[in-house]
Each structure stands twice: as C-alpha cells, then as structure tokens.
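*Asks:*
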Amino acid sequence: MKLVILINENNNYKWQHLLIQRLLKLDFIELNFIITCPKTKTSFSIKKSLIESYMNFESLVVSKKMKAENYWQKIDLIDFYTEVNFIECENAKEIQENLKDKNIDLVLNLAELDDLDSIYNISRFGMWCSKEFNNSIAQIANNIHNDENTIDIEITDQIANKTIFSTNIGIKNYFLYLNFHRIFTKLMHSIIYKLEVLYTTRDTNVLTSNIIGSDKGNELDNLTDINVFKLFYKLSQNLIKDIFQRVFYNEQWFLGIRYKEQRLNDFSKDDFYFIRPLKDKMYADPFIIEENGKQIVFIEEMNFSGQKGFLSCFELDENAEKIKPKLILDKDYHLSYPFVFKDNKQYYMIPESAQNNSIDLYEAVDFPYEWRLKKNLFSNLMALDSTLLYWNKKYWLFFNKVNADCMTFDELHIYYSDYLLGEWKPHARNPVITDSKTARPAGKFFIQDGMLIRPSQDCSVRYGYALNFNKVELLTETEYKESFLKKITPEFIDKNLSVHTFNNSNKYEIIDCMSYAYK
C-alpha cells in the first residue's frame, strides 16, 4: 500500500519520528514520499512557554520513573530518513501537483496544514489527520483546568470529512507529560491498526467510527495567563493528594449483595448487605452461581502485601451471610475476574490472566473448589475481563485488549466461534467500541424485559468508577451495536469511590465497591 506523509519543515517531534519508524517496518507499507510543508509561524507566548517548560521539567522525572519516552522532544526528521524521498511544497496546490497520477493509496497528514481546498483525488483512500497532532497539550491543559477526566481522540479523513477512528481515554489529573505520552501512544497504535484493517479489507466503510468528539478549536487560546498559573497550582495539589493517599491508604474493594430486582432499579445502600474484608486485603470481581439450591460466590482476592490476585469462592447461607473464602486457583501471575459458566452440563471458568499473556479455559473437576486447565484459548495476547456469551448458536468472547503502552480501558474486542473449544475468529469491526466510558466488561450478559444486556465499566473518572447497563441491539460476525440504558455511580454509599462489577443468580444480585482503607 503506497503511503505519503506530510510534515512541517520545522517543529517536528519525536513521536512523529517513532511513528514513521514503525510504518517503515510494516511489510505491506510502501512509503513513497515525505512532503515537507512550509514552516509553521511561531510567536512568543507566556502561557505556551510556561507549559512547554513545565513539560520539560516533568520529563526529567516521568520518562525515567514511568518509562515514558519524551515524545515532546523536537527533532529534524530530514536527518533521519535519507532512504526516503523528500519533496518540498509551499502550499496545498503544490502538493496536489506533485502527487497527481502517482497512484497513492493514502496520505497521512502530520503537518499543520489547513488549506485543503485545492487537494482532491490525490489518493485512493483519502487523507488521515488528527487534531490532537497539533493541539494535544492545549487539550490536556484545558481539560485538567476544567476538572474533566477524559480527552477525545479522533483520526479523520480530511478530504471525505468522516471519522476513521474515535475514542475517549482517561487522563491523569497531575501530569501533562504522561498524558501527552498516552495520547500519542494511542494515536500511533490506532493509525497502524487501522492501516492493517484497510490493507486487509480495502474498504474504508469498515474503518468508520461513531464520532465522539466535537470541534475543539484552539483550546490554548481560551486559557488566560493567570489560568495557566492556576493550572500548575491544581496539578501540584492533585499530585500531593495522590501521594498522600498512596502512602496512608489502600484502595479496598468489598462486596455488596441484595435480593434480585425485577428491573434495573437505582441502587440504595439500604438494599445491600456488605461483605468487607480485613484491612490488609480486598475482595473484587464477584460472580454468583446457583447450583443445587446453593449460592456460590467466586471472587478475586488479594493481600495488599502481595499485590497479586488469586481466586477464591464461598457459599452464602439463607441470610446472605458469608463463609470464609476458600482458595481455588493461584498462579505466579495475577488472576482476577473469575468468569464461571455452565456449558453442556459442565462448569468452566475463564479468569483474567493478562499478566500471563493468555486467555485460559478451566474446567471444574470438583465444583466449586477444584479446577484444572482445559485449553489455552489465546496466547501472546493481553486481554482484560474476558466475558463469554452464547447467542444465536455461536460463542462470543468480549474483552479489552491491551496494546503496548496504551490505555487498557477504551477498546472492546469480540471474537467468535462455533464451538467453545474450536477456532476463534476476530469480529470484522474490532475494536467494536472505543470509549473509556463504556468499553470495559463488568460482568455476565443477562436478559431482562426481553433485552440482552451487557454490563460495562465507566473508567473515565478512574478505573472502575461506575457501572453501565447497555442493551445489545445487533450482534453478527460483521456488525455490533448497543445502546445505553442506565448508569450506576458509586455515591449511593457514603465515601464510596467505585462500583465496577455486576452479576446475578435467580435469587441475588452482587456488586463490588471501593473505598479508601487506612493502612
């Protein structure tokens, strides 16, 4: 596939260099030209200088402690690519002249080039660009200043005026540098992934996403110099608060159980019986199974001293009182989200084992306490919260896929198979959802009032902040559509910060919640 990249003659950044490096390694990409556009005009700005200085200060700490490369570093791209043809163009009209009749498949616009009226029909699949290329720092600064916890990312076709990819990711409220790194890691991954899809399908309709963001404009101009100083004050406040909480408190997950409702009512603390662990551990990711009149609860259990999850279960009595959890599965890597289900009269479990780069299927030898590995469904794959659904005579596996240094909350993938132990194929629209507010699974699918409902997490404020209930409208090998029904936020319990798993049996509904526990 023939690709052309547009860059500015000046103001090149390391993230652009790394993206081009990755593109050159793809065997299906032929990078024909890099076109340098006119130098961008730069004028002195106090707020821009302050933000850039603050970014450079943060990079001294963040790049080493958190292994986040300095994507903000300015470099001259021409010095790195002697094997690539460079063409200098002064305006969009010259670009049109240089590229016509070259049989170009795609143009990737990394330049600050807005005058596109004279560019048309120069490539088969259009021109991709993202506003975040040139406005990300302004976006991050503005969102933190306004106490917004997420940022929208889009890749658009500038000529066809349609969205190729859109997502919504969470941002740290005390770092500029780390957020910049997260945005461009996500953008680089998304560009490469969408290029692979385009090469395979040759169909731009498969790429089109629902538009999440809006016209952002130049957000930096909306910040006054005084507000920039207020931003730095807020960043330092948030950082001090975070350090204090990490030093003196643990984020402790605990369980809540209530009698099953017949509809999706609001949650009330008076409805729930809460199971709180001792202060040195946590209980999370509850799944409840009714078997022979017994209510069995499966959970992730973790001791804060070990920082590695293992799986346990316990039986509820008639009053929903707990029995001490009993260990059922422990590995030398983290385990969580014990997705237990019955298939053809046999109990199975798919725990989260992302640290092992696998999705593993276990079968019950002596339910519920003894399990053995039945089959490795996927290897060399970091997947979070794998959730199985049998629907329309097929097995559908939903999970969040982890990609390099990207955020893990915003991409929902689906694979399907005719048989539980058979071959799994990727959904044609993967990732079917790209939004940190609703992508990550939060428990088993269930049917209520004739609707197939998918619980999901809202991770926009923090990991596992809230629960969503979504109605599945369409699920085929080539299409997926869901609509939002209801959100449950954690405030129904005093001092509660999160609620991120929902499951039920014929008798009970079970959730997990999180609050700070003094160490």
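First residue of the sequence shown: -15, per my numbering; consecutive thereafter. Ideal Cβ positions, reconstructed from N, Cα and C, are used throughout, including at glycine. The model shown is predicted, which means the values in this text are computed figures rather than measured ones.
Roughly how many angstroms separate the alpha carbons of F17 and S33, rounded to a whole number?
*Replies:* So the two alpha carbons sit approximately 33 Å from each other.
*Asks:* With V91 as the anchor, note down where its beta strand (DSSP E) starts and where it stops.
*Replies:* V91 -> beta strand (DSSP E) spans L90 to N93.
*Asks:* With distance defined between alpha-carbon atoms, name the residue in F429, P352, E78 and D402 nearest to F382.
*Replies:* It is F429 whose Cα lies nearest to the Cα of F382.
*Asks:* For P415, count the other beta carbons within 10 Å of its own beta carbon; 16 or more makes it buried, fewer makes it exposed. Which is it?
*Replies:* So P415 counts as buried.
*Asks:* Is the beta carbon of I(-11) less than 7 Å from the beta carbon of C73?
*Replies:* No. Outside cutoff.
*Asks:* So does the segment 51 to 60 actually touch the segment -6 to 10, counting three or more Cβ pairs closer than 8 Å?
*Replies:* Yes, the segment 51 to 60 touches the segment -6 to 10.
*Asks:* Assuming A423 and T462 make a contact with CB atoms under 8 Å, what is their CB distance in whole Å?
*Replies:* In fact, because the Cβ distance is near 19 Å, the residues do not count as touching under 8 Å.
*Asks:* Are the beta-carbon atoms of I106 and L83 separated by less than 7 Å?
*Replies:* Yes.
*Asks:* Report the CB separation of K238 from C497 in whole angstroms; it is logged as a contact under 8 Å.
*Replies:* Checking the sequence shown, residue 238 turns out to be Phe, not Lys. Yes, they are in contact, since the Cβ atoms of F238 and C497 sit about 6 Å apart, within 8 Å.
*Asks:* Counting Cβ pairs, one atom from each stretch, are 3 or more of them under 8 Å apart for the segment 116 to 136 and the segment 207 to 221?
*Replies:* Enough Cβ pairs lie closer than 8 Å, so yes.
*Asks:* Can you give me the start and stop residues for the alpha helix (DSSP H) that F453 sits inside?
*Replies:* First-last for F453: A450 to L459, but that is the beta strand (DSSP E), not the alpha helix (DSSP H).
*Asks:* Excluding sequence positions up to five away, which residues of its chain have a Cβ less than 7 Å from the Cβ of N163?
*Replies:* Closer than 7 Å at the Cβ level, and outside the excluded window around N163, lie I124, I155 and K156.
*Asks:* What are the boundary residues of the beta strand (DSSP E) that includes Q279?
*Replies:* From DSSP, the beta strand (DSSP E) with Q279 extends over K278 to N287.
*Asks:* Looking at the unbroken alpha helix (DSSP H) that takes in E81, where does it start and where does it end?
*Replies:* First-last of the alpha helix (DSSP H) with E81: A76 to L83.
*Asks:* On the CB-based measure, 16 or more other CB atoms within 10 Å of its CB, does I4 come out buried or exposed?
*Replies:* Flag for I4 reads buried.
*Asks:* Can you list, in chain order, the residues of its chain whose CB lies under 8 Å from that of E407, leaving out five sequence neighbours each side?
*Replies:* The answer, listed in chain order, is S401.
*Asks:* Could you tell me whether the segment 33 to 43 touches the segment 83 to 93, where touching means 3 or more Cβ pairs closer than 8 Å?
*Replies:* Because the criterion of three Cβ pairs below 8 Å is not met, the segment 33 to 43 and the segment 83 to 93 do not touch.
*Asks:* Of all the options I176, H129, H165 and N189, which has the alpha carbon lying nearest to the alpha carbon of A144?
*Replies:* Nearest option by C-alpha distance: N189.
*Asks:* Are there 16 or more other CB atoms within 10 angstroms of the CB of Q279, so buried, or fewer, so exposed?
*Replies:* That one is buried.
*Asks:* Who are the near neighbours of E299 in its chain, counting only those whose CB is closer than 7 Å to its CB and skipping five residues on each side?
*Replies:* Contacts found: K278, Q279, I280 and I307.
*Asks:* For T134, count neighbouring C-beta atoms within 10 Å of its own C-beta (all shown protein chains included) and say buried if the count is 16 or more, exposed if not.
*Replies:* Flag for T134 reads buried.
*Asks:* Evaluate N130 with the Cβ neighbour count: other Cβ atoms within 10 Å of its Cβ, from every protein chain shown; 16 or more gives buried, anything less gives exposed.
*Replies:* Result: exposed.
*Asks:* Using DSSP bridges, identify the partner residues of P474.
*Replies:* Note: P474 sits in no beta bridge, so no partner.
*Asks:* Roughly how many angstroms lie between the CA atoms of F256 and R230, to the nearest whole one?
*Replies:* Cα to Cα, the separation comes out at about 29 Å.
*Asks:* If I measure Cβ to Cβ from I417 and keep anything under 7 Å in the same chain, skipping five residues before and after, which residues do I get?
*Replies:* Once the five neighbours on either side are set aside, the close Cβ partners of I417 are L396 and A423.
*Asks:* Going by the DSSP bridge assignment, what does T418 pair with across the sheet?
*Replies:* Per DSSP, E395.
*Asks:* Quick check on DSSP: helix, strand or coil for R438?
*Replies:* Looking at R438 - three-state DSSP - the assignment turns out to be strand.
*Asks:* May I ask you to report which of helix, strand or coil DSSP gives N130?
*Replies:* Of the three classes helix, strand and coil, the one that applies to N130 here is coil, per DSSP.
*Asks:* Note down the Cα distance separating I167 from S120, rounded to an integer number of angstroms.
*Replies:* Taking the straight line joining both Cα atoms gives about 8 Å.
*Asks:* With DSSP as the reference, please indicate the residues paired to F430 in a beta bridge.
*Replies:* Paired residues: I437.
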